[in-house]
Amino acid sequence: MQNEEIAVRAEHLHKIFYSVQGYWRQKRRPVVAVEDISFTIHEGEMFGMVGPNGAGKTTTVKMLSTLLIPTSGKASIFGFDVVSETGRIRPKIGFTFGGNRGLYGRLSGLDNLKYFAELYQLDPASIGKRIKELLEIVGLTGREADRVETYSTGMQQRLHLARAMLHDPQMLFLDEPTVGIDPLGAREIRHIIKELVNRGKTVLLTTHYMFEAEELCDHIAVVNHGRIVALDTPAALKARSSGDSVVVIQSRDGSQLIQQKMLSLSPIVSHSHVSGETITIQTKKPTRVLNALAPLLESSVITNIEVRNATLEDVYVQIVKENEI
Amino acid sequence: MKSNRLSFVWKQMNVQFHMRALSVFSFGLLVVQPAMFSGIGYLLARMAGRAMPDLFHVIIGGGIMGLWSSLVFTSFFDISNDRREGTLELIVGSPTSLGSVLAIRTLTNILTGTISLALSFLVVMLVFHYSPPISNLLPIVFSLGIMLFAFWCIGLFLAHFQVWSRLSGTFINYLELPIAILAAFMFPFEYLPHWIRWLSNMLPIRWAVTALGTSFQPVIEIQNLWLDWLFALGISCVYLVITWYLSSRVHDMIRVSGELHSV
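In the order they appear, the protein sequences are chains A and B. Per the working numbering, residue 51 is the first one in the first sequence, and the count goes up by one each step. Per the working numbering, residue 6 is the first one in the second sequence, and the count goes up by one each step.
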C-alpha cells in the first residue's frame with residue numbers, strides 16, 4: 051500500500067527542555083530529549099519507533115503531531131510545516147498516547163466521541179453514523195453508553211483509536227497503543243492497526259515490544275538517548291544477527307564468574323548482558339560457549355541454560371547497549 | 006468537515022456541565038460559600054447597629070462572589086484536570102482553536118455561576134421582601150448583561166494564563182479574594198482607599214458591579230450609570246483584545262515549554 055509520496059519528513063530535529071533545580075537559587079538545567087533525528091515516512095507506510103523509556107520517541111511524536119515546537123530542525127507532514135502550518139496539518143492527522151490518559155472518565159464512550167467529533171468539526175449530520183462505524187471497528191458496540199471510567203485499559207485504548215480515527219485522518223501517530231494491555235487485547239489492537247494500514251493510512255507507531263514492531267512495521271527506527279541509532283526494515287535489522295544464537299543462562303551468584311569466562315571467549319561473543327540472575331550471550335558459536343561453561347554446570351552456579359536463535363529483540367538490545375553513553 | 010457552530014457550542018457546554026460545573030465542588034462554590042459570605046456580612050451589619058444590611062453588597066454581593074469563585078476555581082480545575090488527564094493536548098492538537106474552547110468553557114462557568122446570583126436575588130426578594138422598582142428593570146437587566154460580559158472577558162483572559170503554565174494557574178487561584186476586594190463585590194467601592202483605586206479601575210468587573218449596584222438604587226443618576234457601563238464595556242474590550250493577542254502566543258509558548266501535560 052506504500053507509495054512514493056512522502057508523508058513525514060523530519061530533518062535534524064532537536065528538542066531541549068529545561069528542568070529547574072533548587073529552591074532558593076534556582077538553576078535551569080537543559081535536558082536534551084531529542085538530538086538530531088532525521089527520517090522520512092512514505093504515504094501508506096507503517097513506521098515503527100522503538101527504544102527504551104526516555105529515549106525521545108514520544109517527544110518526536112509530539113513534535114510531528116504539532117504539539118511541541120522543535121528547538122531546532124524542521125519537520126513537515128504532507129508537505130506542511132509542523133510549526134507554522136498547524137491549521138493545515140491537524141485535520142489530516144490523528145494521534146493517541148498510551149495509557150489511560152486522554153479521555154473524560156466521567157463521560158460515556160459515546161459522549162467522548164461526540165465531543166471530539168465536534169472538536170474536529172465533523173458534519174453534525176454524519177457524526178452518529180461515523181461513531182457507529184468506529185465503535186463497530188474497535189469492538190465497543192454495546193458498551194458506548196457506559197462511563198469510560200468503568201472501561202478496562204484495553205477498552206480505553208480501543209476508544210482512543212476510535213477517537214483518533216473520527217475525522218478519517220490520513221496519518222495516525224500511535225504512541226504505545228498496547229502498553230499495559232493483556233495479550234488478547236493487544237492482539238485485537240494490532241489487528242485494528244493492520245486494518246488501518248490496509249485502508250491506506252500512514253502510521254507512526256511507537257512501542258516497547260519488538261515482536262509488535264516486527265509484525266506491523268515496514269521500517270523500524272531504534273531510538274536511544276534522543277538519536278536514531280538504527281533504521282531499517284525489520285528483516286534487515288534482523289539480518290544483523292544472522293546466524294547468531296543466543297545463550298540464556300540463569301545463574302545464582304555466578305554472573306561475575308560467567309562474565310570472566312566470556313571475556314576469554316570475547317572474539318566469538320558478539321554481545322552479552324546481565325539482567326538480575328539472567329545472563330544473555332549472543333554468539334555465532336554456541337557450542338564453544340557451552341563447552342566453556344561446562345565446568346560451571348557441574349557446580350550449582352548455573353541453574354538453567356537455554357540456546358535459541360537470535361530474535362529482533364536481541365538485535366534491539368544489542369543496538370541499544372552498543373549505543374549506551 | 007462542516008460543523009454547526011451552535012451544535013459545537015452546545016456539545017462543549019454539555020461536557021463542561023457533566024464534568025465539572027454541576028459537581029459537589031461547584032455546589033460548595035455556588036451555594037455554600039456565598040451563603041457564608043452573605044451570612045457573615047449580615048451579622049457584621051447587625052453588629053454595626055444596622056437593622057437592615059446593605060442588601061446589594063451583602064446579599065447580592067455574596068452571589069457575585071459565588072459567580073466569581075465559580076469562574077476562577079472551575080476554570081482552574083478544568084485546565085489542570087485536562088492537563089493531568091492528557092486531554093489538553095488533544096484539544097490543542099485539534100483543528101478547533103484553543104481560544105474557542107476556552108471562550109465556551111468560560112461562558113459555561115459564568116452561566117453556572119449565575120445560579121449563585123439568582124439565589125441571592127431570591128433571598129433578597131423572599132427573605133428581605135425587597136422588590137426592585139419596575140422603572141429600574143431595564144437598567145438592572147442591562148447592567149446584569151454587561152456584568153456577565155465583563156466577567157466573561159476577564160475569565161477568558163485568566164484562562165489563557167492558566168493554560169500557559171501550571172504555576173500561573175496556581176497563582177491565579179490566590180487572586181480570587183484580592184480581586185473580589187478590589188472589585189468591591191461586598192461593599193461600596195468608595196470604601197476602598199484612594200491609593201488602590203487605580204488598580205480597581207483597571208478591572209471591568211469593578212465598573213460593572215458598581216453599575217449593577219447603581220441600578221438597584223431607588224433613584225438612578227443616569228449620567229453615572231452611563232459612565233460605569235461605558236467603562237465596563239470599554240475595559241472589557243481591552244481585555245478581549247489582549248486575550249486575542251495572548252491566544253496565539255500561548256499556543257506557541259506551551260508548544261515550546263511542553264506544559265501541555267503533567268505527569
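Glycine included, every Cβ here is placed at the ideal spot set by N, Cα and C. Bear in mind that the values here come from a model prediction, so they are computed numbers and not experimental data.
How is A:T354 classed by DSSP in three states: helix, strand or coil? If you number the first sequence from 1, residue 354 of chain A lands on position 304. Per the sequence presented here, residue 354 of chain A reads as Asn, with Thr not at that position. Three-state result, A:N354: strand.
Under 7 Å by beta carbon: chain B residues contacting A:T116: Position 66 of the first sequence, counted from the start, is the residue given in the question as residue 116 of chain A. In chain order: G98.
Assign B:M6 to buried or exposed, taking buried as 16 or more other Cβ atoms, counted over all protein chains shown, within 10 Å of its Cβ. Counted from its first residue, the second sequence places residue 6 of chain B at position 1. Per-residue confidence for B:M6 stands at a pLDDT of 48, beneath the threshold of 50, marking its modelled position as unreliable; no derived number is given.
Say whether chain B places a C-beta atom closer than 7 Å to the C-beta of A:R302. Position 252 of the first sequence holds residue 302 of chain A. Not an interface residue.
Leaving out five residues before and five after B:S28 in sequence, what residues of the same chain have Cβ atoms less than 7 Å from its Cβ? In the second sequence, the residue the question calls residue 28 of chain B occupies position 23. The same chain holds no residue with a CB closer than 7 Å to that of B:S28 once the five nearest residues on each side in sequence are set aside.
Check whether the region 130-138 of chain B and the region 168-175 of chain B touch, using three or more Cβ-Cβ pairs below 8 Å as the test. no
Can B:W73 and B:T111 be called in contact, C-beta distance under 7 Å? In the second sequence, residue 73 of chain B corresponds to position 68, counting from 1. In the second sequence, residue 111 of chain B corresponds to position 106, counting from 1. Against a cut-off of 7 Å, the Cβ pair of B:T111 and B:W73 comes out as no contact.
Helix, strand or coil: which one does DSSP assign to A:M96? In the first sequence, the residue the question calls residue 96 of chain A occupies position 46. Of the three classes helix, strand and coil, the one that applies to A:M96 here is strand, per DSSP.
Go through its chain and collect everything with a Cβ distance to A:T116's Cβ below 7 Å, but skip five positions before and after it. Counting from one through the first sequence, the residue named residue 116 of chain A turns up at place 66. Excluding positions up to five away in sequence, the list reads V132, T136, I139 and R140.
Three-state secondary structure (DSSP) of A:I66: If you number the first sequence from 1, residue 66 of chain A lands on position 16. Reduced to three states, the DSSP call for A:I66 is strand.
Using a Cβ-Cβ cut-off of 7 Å, state whether B:M6 counts as contacting chain A. Mapped onto the second sequence, residue 6 of chain B falls at position 1. A caution first: B:M6 carries a pLDDT of 48, below 50, which makes its placement in the model unreliable, though a value can still be read off. So, interface residue.
With distance defined between alpha-carbon atoms, name the residue in A:L307, A:V319 and A:E363 nearest to A:S349. The residue labelled residue 349 of chain A in the question sits at position 299 within the first sequence. A:S349 has its Cα closest to that of A:L307, out of A:L307, A:V319 and A:E363.
Contact under 7 Å by Cβ, B:M70 with B:P100: Translated into the one-based positions of the second sequence, residue 70 of chain B becomes position 65. Translated into the one-based positions of the second sequence, residue 100 of chain B becomes position 95. Result no, Cβ atoms of B:M70 and B:P100 do not sit closer than 7 Å.
Using a beta-carbon distance below 7 Å, is A:S69 in contact with chain B? Residue numbering aside, residue 69 of chain A sits at position 19 when the first sequence is read from its first letter. Chain B, which has no Cβ nearer than 7 Å to the Cβ of A:S69, makes this no.
Run the CB neighbour count on A:R338, radius 10 Å, all protein chains shown included, and call it buried at 16 or more, exposed below. Indexing the first sequence from 1 puts residue 338 of chain A at position 288. Its Cβ having fewer than 16 others within 10 Å, A:R338 is exposed.
C-alpha gap between B:G98 and A:K179, whole angstroms: Translated into the one-based positions of the second sequence, residue 98 of chain B becomes position 93. Translated into the one-based positions of the first sequence, residue 179 of chain A becomes position 129. Rounded to whole angstroms, B:G98 to A:K179 spans 24 Å at the Cα level.
Hey, how far is the Cα of A:S325 from the Cα of A:E374? The count along the first sequence starts at 1 and reaches residue 325 of chain A at position 275. The count along the first sequence starts at 1 and reaches residue 374 of chain A at position 324. Distance between the alpha carbons of A:S325 and A:E374 is about 15 Å.
Grab me the residues of A:I66's own chain with a C-beta within less than 8 Å of its C-beta, minus the 5 sequence neighbours each way, in chain order. Here residue 66 of chain A refers to the residue found at position 16 of the first sequence. Cβ neighbours of A:I66 beyond the five flanking positions: P80, V81, V82, A83 and T121.
Looking at the unbroken alpha helix (DSSP H) that takes in B:S136, where does it start and where does it end? Stepping through the second sequence from its first residue, residue 136 of chain B is reached at position 131. Run containing B:S136: none; DSSP gives neither H nor E here.
Close-in-space but distant-in-sequence residues of the same chain around B:Q17 (CB under 8 Å, 5 per side omitted): Taking the second sequence and counting its residues from 1, the one referred to as residue 17 of chain B is at position 12. Within the same chain, B:Q17 has close Cβ partners V106, I109, R110 and T113.
Euclidean distance between Cα positions of B:L204 and B:L153: Here residue 204 of chain B is taken as the residue at index 199 of the second sequence, counted from 1. Here residue 153 of chain B is taken as the residue at index 148 of the second sequence, counted from 1. Going by the C-alpha atoms only, they are around 20 Å apart.
Locate the beta strand (DSSP E) running through B:A2, then write down its first and last residues. Lying outside 6 to 268, the shown extent of chain B, residue 2 of chain B is not represented and no answer is given.
Whole alpha helix (DSSP H) elements within the region 261-324 of chain A, 4-residue minimum: 284-289 and 305-314
Look at the alpha carbon of B:V146 and the alpha carbon of B:A216, and state the distance between them as a whole number of angstroms. By one-based count along the second sequence, residue 146 of chain B stands at place 141. By one-based count along the second sequence, residue 216 of chain B stands at place 211. Near 11 Å, if we compare the C-alpha coordinates of B:A216 and B:V146.
Contact belief for A:V351 with A:V272 at Cβ below 8 Å, rounded distance in angstroms: The count along the first sequence starts at 1 and reaches residue 351 of chain A at position 301. The count along the first sequence starts at 1 and reaches residue 272 of chain A at position 222. At roughly 33 Å, the Cβ-Cβ gap does not stay under 8 Å, so A:V351 and A:V272 are not in contact.
Contacts that B:R88 makes with chain A (C-beta to C-beta distance below 7 Å): On the second sequence, position 83 is the one that residue 88 of chain B refers to. Scanning chain A for C-beta atoms nearer than 7 Å to the C-beta of B:R88 yields nothing, as the closest lies near 10 Å away.
When the cut-off is 7 Å and only beta carbons count, does B:T92 lie next to chain A? Along the second sequence, one-based indexing puts residue 92 of chain B at 87. Answer yes: the Cβ-Cβ gap between B:T92 and chain A drops below 7 Å somewhere.
Going by beta-carbon coordinates alone, are A:G235 and A:E199 separated by less than 7 Å? Here residue 235 of chain A refers to the residue found at position 185 of the first sequence. Here residue 199 of chain A refers to the residue found at position 149 of the first sequence. In this structure, A:E199 does not lie closer than 7 Å to A:G235 by Cβ.
Secondary structure at B:M6, three-state DSSP: helix, strand or coil? For this step, residue 6 of chain B is matched to residue 1 along the second sequence. Note that B:M6 scores a pLDDT of 48, beneath 50, so its modelled location is shaky; the value from the coordinates is reported in the next line. Residue state, collapsed to three classes: coil.
Are the beta-carbon atoms belonging to B:P209 and B:A237 less than 7 Å from one another? Numbered from 1 along the second sequence, position 204 holds the residue referred to as residue 209 of chain B. Numbered from 1 along the second sequence, position 232 holds the residue referred to as residue 237 of chain B. Yes; because the gap between Cβ atoms is below 7 Å, this pair is in contact.
So A:Y201 contacts chain B; which residues on that side make the cut at Cβ distance below 9 Å? Start at 1 with the first residue of the first sequence, and residue 201 of chain A comes out as number 151. By Cβ distance, chain B contributes nothing, its closest Cβ being about 14 Å from A:Y201, past 9 Å.
Which residues of chain B have a Cβ atom closer than 8 Å to the Cβ of A:I119, listed in chain order? Along the first sequence, read from residue 1 onward, the residue named residue 119 of chain A stands at position 69. In chain order: D257, R260 and V261.
Quick one: does A:G230 have its CB under 7 Å from some CB of chain B? Reading the first sequence from its first residue, position 180 is the one you call residue 230 of chain A. So no, A:G230 is outside the interface.
Strand pairing of A:G144, partner residues [DSSP]: Counted from its first residue, the first sequence places residue 144 of chain A at position 94. Looking at the DSSP assignment, A:G144 forms a beta bridge with A:L222.
Alpha-carbon to alpha-carbon, A:Q332 and A:D364: Locating residue 364 of chain A in the first sequence gives position 314, counting from the first residue. Locating residue 332 of chain A in the first sequence gives position 282, counting from the first residue. Their backbone Cα atoms lie some 8 Å apart in a straight line.
For B:P193, which of B:N206, B:L180, B:Y179 and B:G218 has the nearest alpha-carbon? As a first step, residue 193 of chain B is located in the second sequence; it is residue number 188 there, counting from the start. Nearest of B:N206, B:L180, B:Y179 and B:G218 to B:P193, Cα basis: B:G218.
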